[in-house]
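Here is the structure we will look at.
Numbering (my numbering), first residue to last: 173 to 274.
Given below as structure tokens:
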């Protein structure tokens with residue numbers, strides 16, 4: 173599945189022992205919001221995925237310059253450890269609240 177996503181703000185949070193760095197993406201065609209998360213699990217281990225709703229998906233991005241629509245190829249649904257999944261969803265809710273306060 174490929175669609176045009178526009179990159180938004182960047183976020184950072186440390187929740188329940190996980191260190192999340194994220195970029196918000198808005199799909200201009202479907203009006204969905206995706207959160208591209210990079211999770212540092214103490215080098216050299218890290219996880220990377222796109223969260224859309226409650227779905228955690230593998231993801232590949234194009235090399236389109238920042239500011240323009242990005243082509244995102246969503247891969248398979250990932251099985252993420254329950255503790256990491258809950259922490260990631262908490263982080264996303266925190267970022268949504270902070271964005272609404274701007």
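Virtual Cβ for every residue (Gly too), placed ideally from N, Cα, C. As the structure is a computational prediction, the values presented were derived from the model and not from experiment.
Residue i Cβ short of 7 Å to the ligand MN heavy atom set
i, result
"residue 210", "No copy of the ligand MN appears in this structure; indeed no ligand is present at all."
Helix, strand or coil at residue i [DSSP, three-state]
i, result
"residue 254", "helix"
"residue 213", "coil"
"residue 226", "coil"
"residue 179", "strand"
Neighbourhood of residue i by C-beta distance below 6 Å, restricted to the same chain and skipping five residues each side
i, result
"residue 228", "221, 250, 252"
"residue 214", "none"
"residue 263", "185, 187, 192"
Neighbourhood of residue i by C-beta distance below 8 Å, restricted to the same chain and skipping five residues each side
i, result
"residue 173", "Any reading at residue 173 must be qualified, since the residue scores a pLDDT of 41, below 50, and its modelled position is unreliable; no value is offered."
"residue 218", "210, 211, 212"
"residue 225", "204"
CB-CB length for residue i against residue j, believed under 8 Å
i, j, result
"residue 198", "residue 178", "5 Å"
"residue 185", "residue 192", "5 Å"
"residue 230", "residue 248", "6 Å"
Enclosing beta strand (DSSP E) for residue i [first to last residue]
i, result
"residue 202", "Segment: none, residue 202 is in no beta strand (DSSP E) and carries neither H nor E."
Residue from the options whose Cα sits closest to the Cα of residue i
i, options, result
"residue 176", "192, 183, 223, 203", "203"
"residue 207", "214, 196, 259", "196"
"residue 194", "261, 255, 254", "261"
Own chain partners of residue i with C-beta closer than 7 Å, once the 5 adjacent residues on each side are dropped
i, result
"residue 223", "206, 207, 209, 260, 264"
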